[in-house]
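Mapping of the sequence shown onto our numbering: residues 6 to 51, in sequence order.
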Amino acid sequence: MPEGHSRQAEYELDVIYKMGFPGYFLVTADLVDHAKREGIRVGPGP
Numbered sequence: 006m007p008e009g010h011s012r013q014a015e016y017e018l019d020v021i022y023k024m025g026f027p028g029y030f031l032v033t034a035d036l037v038d039h040a041k042r043e044g045i046r047v048g049p050g051p
């Protein structure tokens with residue numbers, strides 16, 4: 006990964022942690038996974 010991309014990813018992860026969002030992302034991922042398993046459409050695609 007280019008250095009600039011690596012720095013940006015680190016910055017964005019730091020913001021996510023500081024804002025207290027890790028749990029939100031994990032819950033959202035679980036909900037999306039469940040919906041896909043149940044055949045429920047999610048997001049803009051099939």
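Even for Gly, the Cβ is constructed at its ideal location relative to N, Cα and C. These numbers come from a predicted model, not from an experiment.
Inter-residue CB distance, A40 and V32 (contact presumed, cutoff 8 Å):
The pair is not a contact, with the Cβ atoms about 13 Å apart (cut-off 8 Å).
Backbone secondary structure at P28 - three-state DSSP:
In the sequence on display, residue 28 carries Gly and not Pro. Correct three-state label for G28: helix.
Would you kindly work out how many angstroms separate the C-alpha atoms of Y22 and G28, rounded to a whole number?
9 Å
Quick check: what's the CA-CA separation for F26 versus V20?
9 Å
What's the C-alpha gap between D35 and P7?
30 Å
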